[in-house]
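Chains A and B are the protein sequences, given in the same order.
Under this note's numbering, the letters of the first sequence match residues 726 to 1369, in that order.
Under this note's numbering, the letters of the second sequence match residues 18 to 155, in that order.
Built from N, CA and C at the ideal position, the CB exists for glycine as well.
All values derive from a computational prediction rather than experimental measurement.
Remarks on the structure that follows.
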Amino acid sequence: MANSVNISIEAPIENQIQEITYDGQEIYQAPLSMSENLARLAQKIDFSKADDDYCNIKKEGESSTDVKSEEDKDPGYQSSLWPWDSVRNKLRNALTEVSVLADVLSIAKEKRYMVLDPIQAEQPESRPMVQVYGRKKALSAAGAVLLNGVERLRASETMRMTRNMPDFHIDLLRLRQNWRLKKVSNTIVGDLSYRTAGSKFSQTGVFEVTKAPEDQIAQAMSLNASGPAPSALRVTVPPELQGVAFISVLCQKEQEDVVTATISSSAINCPGTLFGDGADLHWQQKLEAAQNVLFCKELFARLAAEAVQLDASIPHMVVGNQIMATVLPGIQLLIGLCHNNRQNTNGNTDNVKTEGATSNKNEHDHVLEHSLHQLLRAVHHANTHHPFPHPATGPLGPSKRRSLAGPMAADRYELLEMSKEQSLLEQIIQQAQHFFMRRRSEYVLDTIAKEVKDPLIVSHWNALNSPTQSCVKINIMANGYDAVCRTSLVVAVGEKTLKCICRDGKVRHLSYELQELRDLIYCQVYQHQMTAVQAVARCMGWQLLASSSHLGSGPVEPLGNASSCLLASPYGDRMIAIRCEPSVGIQVFIAQSPKKDFYVSELVQDKKWEYLGGAFKEVKLEKMEGKNFLNKMELLMACLSSTS
Amino acid sequence: MHRNLPQNKEALLKSYTTRLKDDVKSMLENFEEIIKLAKGDNESQLNRMTQIEQDTFEMQVRAANIVRAGESLMKLVSDIKQYLILNDFPSVNEAITQNSKLFRTKQQECDQKLMSLRDDIAADLYDLEDEYFTSIYK
Chain A
726 MANSVNISIE
736 APIENQIQEI
746 TYDGQEIYQA
756 PLSMSENLAR
766 LAQKIDFSKA
776 DDDYCNIKKE
786 GESSTDVKSE
796 EDKDPGYQSS
806 LWPWDSVRNK
816 LRNALTEVSV
826 LADVLSIAKE
836 KRYMVLDPIQ
846 AEQPESRPMV
856 QVYGRKKALS
866 AAGAVLLNGV
876 ERLRASETMR
886 MTRNMPDFHI
896 DLLRLRQNWR
906 LKKVSNTIVG
916 DLSYRTAGSK
926 FSQTGVFEVT
936 KAPEDQIAQA
946 MSLNASGPAP
956 SALRVTVPPE
966 LQGVAFISVL
976 CQKEQEDVVT
986 ATISSSAINC
996 PGTLFGDGAD
1006 LHWQQKLEAA
1016 QNVLFCKELF
1026 ARLAAEAVQL
1036 DASIPHMVVG
1046 NQIMATVLPG
1056 IQLLIGLCHN
1066 NRQNTNGNTD
1076 NVKTEGATSN
1086 KNEHDHVLEH
1096 SLHQLLRAVH
1106 HANTHHPFPH
1116 PATGPLGPSK
1126 RRSLAGPMAA
1136 DRYELLEMSK
1146 EQSLLEQIIQ
1156 QAQHFFMRRR
1166 SEYVLDTIAK
1176 EVKDPLIVSH
1186 WNALNSPTQS
1196 CVKINIMANG
1206 YDAVCRTSLV
1216 VAVGEKTLKC
1226 ICRDGKVRHL
1236 SYELQELRDL
1246 IYCQVYQHQM
1256 TAVQAVARCM
1266 GWQLLASSSH
1276 LGSGPVEPLG
1286 NASSCLLASP
1296 YGDRMIAIRC
1306 EPSVGIQVFI
1316 AQSPKKDFYV
1326 SELVQDKKWE
1336 YLGGAFKEVK
1346 LEKMEGKNFL
1356 NKMELLMACL
1366 SSTS
Chain B
18 MHRNLPQNKE
28 ALLKSYTTRL
38 KDDVKSMLEN
48 FEEIIKLAKG
58 DNESQLNRMT
68 QIEQDTFEMQ
78 VRAANIVRAG
88 ESLMKLVSDI
98 KQYLILNDFP
108 SVNEAITQNS
118 KLFRTKQQEC
128 DQKLMSLRDD
138 IAADLYDLED
148 EYFTSIYK
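Given below as structure tokens:
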């Protein structure tokens, strides 16, 4: 298009020109106000062709959105569409919206699925001061929580400090130094059994350590301010180990109603509790008591098992918590376990009390009880202390004798002997037997000493004795003549036998029947008298003509034989004959020469025969002066020695 | 010394360390959060009053968390003490040896005293027996 013309396009003025002045200046009409505009537009409305206007307006709206293409629109662009098309679309849209609104309204009216709430109008913005106050309040609340926590910590700390409360950890440390403790999950558990000391008892000794509540400690502290500080620890011992237990050993004469006697005496006065209540008790005492209960139980269980296993000639009996064993014929050993649990005391306190009153005097044998404890401890010790060499990996090892058995080529018998072990029950029975033998020997010696006044019988008990061996030395002598003659013998008291070593070196074994000892002492007494008389005679210058310790003449003696001796005065004119029979006593006869009643007879005519000595006449010893037999004999000899 | 600890003990010690770190961290974090809340420049869609109320509660909870962490630290101290007491075998062994030494000396003392007492009594008994058996009063 060569002849194209430039077209200048100008935006239409918005305001109408009112007038044009002569100098070409355009004066614009003032824009219409809103109300004027509305009035003008209202004047324009032609209601008969409202639809068209509507369309035009719409068209204008569309064209205004696309300003650039406004000029390019060809005038027939509306013809491509149906003129009512947009109207119809709008109407349809409106219909859809209205029907949806109607649906919503009908649903909302039913109030089942939808509720229409009025929307609150936007509240006015809160002032910033409210926010500040809110923050202040929040911070102070948070600070209060923190202070509260601090206060709690501080309070517990100061309470401990100012009131001298015991520290849990210090107590725990002390406990740990004395007992085995370990932590199992959240609890501290201890062990008070003797396992580590070599016990093989199956019952466990587990106890639990807890922290004592602080208010209880404070209460305890206020109750006894002067006493020792209460512990911050609480120790819980299993109920079967609570209370007090002990082993009581009782020796008694055999009774007919064995069972009833033992059962009633099994409730020997057991102290109900340790001093003080369970809660007040210090943990150390509580644990020691529980350990003692465990020990007593182990001891008794072991003894009971042994009593059942041992095949004694008179079988041992185990009834309830009582073991009965026969020590010597007629004498029983009762070993009882007394365990006073606080639980069962409630039921039979009166029973225990009445029993205690009667059996109080029935004193039990402390020595044997102590021995039992010692024996079990020795067993424990042997369980852990094996003689060297033993394998480093294990605590087991052969005993010393057994390890020597190889090099020494021990035979089967010896090995069998080695494997034999005395049980606790056997040992305690032996000790009890020995105890009885000793008591009986003492009694026999004392009664003989009381009965026999003339030669003094002095017995000295040896202090060096073992539980099953003791020794007594018996001296027989006369008062004032102990330098001249003294008979001594030693009696070794064993378990069931006595061994007497006499002055002449003879060894006699006696049984537990103490009549034998009695007879032996009596024989020794009369033997002593005979030897003493001879010794005195030697001192006085008299001559021993004959002596016999076993005289065949006379009646048969119930014990021993009669003995006699014949003494002659230094001049030979007097004679003393002494006859000693244990059953009768000592008889003394004297004879003198020349005899006073010598008459010449037909048979004996010569005068010289009067020197033969006359018939023996008995001296009435009991009428003689003198402190004792030897003194009397000395006086007699002195008297007969004179030449008058 | 700590090389040959069993595994569970090792784990326990480690758990003590983590507990310590966790608690301290929790204290610090909670404190920081409180400070942040106090600044209050967080924009949210909540109503202002609701926001304030929520902040109040959050601060309280965080403060309580700090207290909890503090008490947990106290518990940790007590736990460590307990662990030390229960597992400090060298000191326990020392206590045991000391105790056994003490009891051994005590035992020796008692034995000596008993022996001398026995000797005295035996000597006296000898004299008394002599006197008794030679007297006329039996």
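Whole-Å CB distance - residue i paired with residue j, under 8 Å assumed
i	j	result
A:L1101	A:E1023	7 Å
A:S1366	A:P1295	6 Å
A:A1316	A:A1340	7 Å
A:V1183	B:E126	Actually they do not touch by this definition, with Cβ atoms about 36 Å apart.
A:K908	B:L101	Actually they are not in contact, since the Cβ atoms of A:K908 and B:L101 sit about 12 Å apart, beyond 8 Å.
Contact under 8 Å by Cβ, residue i with residue j
i	j	result
A:N1108	A:G930	no
A:S1272	A:C1290	yes
A:E1238	A:H1159	no
A:N1353	A:N1200	no
A:A869	B:M76	no
A:I1048	A:L1028	yes
A:G915	A:R899	no
A:L1214	A:C1225	yes
A:P938	A:A945	no
A:G1131	A:N1066	no
B:T122	A:L1181	no
Local Cβ density within 10 Å of residue i, reported as buried at 16 or more and exposed below that
i	result
A:L1140	exposed
B:E148	exposed
A:L816	exposed
B:G87	buried
A:R901	buried
A:G971	It should be pointed out that residue 971 of chain A corresponds to Phe in this sequence rather than to Gly. Buried, by the Cβ-count rule.
A:I1246	buried
A:E1142	exposed
A:Y802	Because A:Y802 sits at a pLDDT of 47, beneath the cut-off of 50, its placement in the model cannot be relied upon, and the following sentence gives the value as read from the coordinates. That one is exposed.
A:A1103	exposed
A:M1133	exposed
A:S794	With a pLDDT of 44 at A:S794, under the threshold of 50, the predicted position of this residue should be treated as unreliable, though the coordinate-derived value follows. Counting Cβ neighbours within 10 Å, A:S794 comes out exposed, since fewer than 16 surround it.
A:T1256	buried
A:K1357	buried
A:E751	exposed
A:I832	exposed
A:W809	exposed
A:Q1252	buried
A:C1021	buried
A:R1299	buried
A:G1285	buried
A:L766	exposed
A:A764	exposed
A:Y1324	exposed
B:M91	exposed
Proximity test, residue i beta-carbon vs the ligand NAD heavy atom, cut-off 7 Å
i	result
A:L1346	This structure simply doesn't include the ligand NAD, nor any ligand for that matter.
Local conformation of residue i per DSSP, three classes
i	result
A:N728	coil
A:V1209	coil
A:N814	helix
A:W1334	helix
A:L1012	helix
A:E751	strand
B:F106	helix
A:R1233	strand
A:F1020	helix
A:Q768	helix
A:V1215	strand
A:T961	strand
Partners in chain E for residue i, counting only beta-carbon separations shorter than 8 Å
i	result
B:R79	The structure shown has no chain E; the protein chains it does contain are A and B.
Inter-stretch contact at 8 Å, needing at least 3 Cβ pairs: the region 32–49 of chain B / the region 117–136 of chain B: no
Say whether the region 1325–1332 of chain A touches the region 1303–1312 of chain A, bearing in mind that this needs 3 or more beta-carbon pairs closer than 8 Å, one atom from each stretch. no
How about the region 19–38 of chain B and the region 1203–1212 of chain A: do they share at least three Cβ pairs that are nearer than 8 Å? no
contact_flag[the region 106–113 of chain B, the region 62–81 of chain B] where n(CB pairs < 8 Å) is 3 or more: no
Could you say if the region 1165–1180 of chain A and the region 1241–1255 of chain A meet the contact criterion of at least three C-beta pairs nearer than 8 Å? yes
Per the contact definition of three or more C-beta pairs closer than 8 Å, is the region 1089–1106 of chain A in contact with the region 1142–1158 of chain A? yes
I want to know whether the region 876–889 of chain A touches the region 92–99 of chain B - three or more CB-CB distances under 8 Å. no
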